[in-house]
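In this note's numbering, the protein residues as written are 205 to 342. Think of the CB as a built atom: it goes at the ideal place given N, C-alpha and C, for glycine as much as any other residue. One structure is given below, encoded as structure tokens.
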């Protein structure tokens with residue numbers, strides 16, 4: 205697998221009218237500035253995420269959307285609490301990818317849920333930019 209490391213978020217020249225982006229990443233991910241910088245560089249008209257109430261990439265994407273009322277923000281919370289039904293996260297990811305119809309994804313560092321979302325996107329032939337955050341590795 206090849207990973208692309210962006211030293212400057214504005215190295216990302218991937219934007220076109222009507223761009224729909226999904227965001228995935230761990231709830232413990234802390235680099236809000238990078239999430240927002242990448243979304244600014246992409247200039248999407250729709251952003252979708254898993255609506256984690258615990259923070260991380262989902263929350264940062266949601267905050268970015270709040271600053272751009274012209275951007276549609278689609279939230280896909282799990283249908284059931286994860287402690288009641290462990291499959292709720294993967295089901296939510298499939299729903300987001302099917303109903304949200306993203307053109308591309310931004311995957312920030314995370315765990316099994318993030319990896320599962322990336323796998324689901326690939327089965328649907330949705331390209332995913334895997335973000336390697338040097339600040340998180342330190």
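Grab me the residues of residue i's own chain with a C-beta within less than 6 Å of its C-beta, minus the 5 sequence neighbours each way, in chain order.
i: residue 227; result: 253, 261, 265, 310
i: residue 312; result: 229, 233, 261, 335
i: residue 314; result: 229, 230
i: residue 333; result: 310
i: residue 279; result: 255
Within its chain, find whatever has a CB closer than 7 Å to the CB of residue i; leave out the 5 residues flanking it on each side and keep chain order.
i: residue 256; result: 231, 262, 263
i: residue 328; result: 301
i: residue 303; result: none
Shortest alpha-carbon distance to residue i belongs to which of the options?
i: residue 239; options: 303, 323, 317, 259; result: 259
i: residue 241; options: 315, 267, 329, 332; result: 267
i: residue 272; options: 295, 247, 280, 294; result: 247
i: residue 305; options: 237, 243, 249; result: 249
i: residue 317; options: 303, 243, 295; result: 295
i: residue 225; options: 326, 323, 320, 277; result: 277
In angstroms with no decimal places, state the Cα-to-Cα distance between residue i and residue j.
i: residue 335; j: residue 297; result: 18 Å
i: residue 339; j: residue 222; result: 31 Å
i: residue 220; j: residue 299; result: 24 Å
i: residue 330; j: residue 269; result: 22 Å
i: residue 274; j: residue 319; result: 30 Å
i: residue 337; j: residue 307; result: 22 Å
Pull up the DSSP beta-bridge partners for residue i, would you.
i: residue 278; result: 252
i: residue 332; result: 309
In chain order, each beta strand (DSSP E) run of at least 3 residues that lies wholly inside the stretch 219 to 248: 224 to 228
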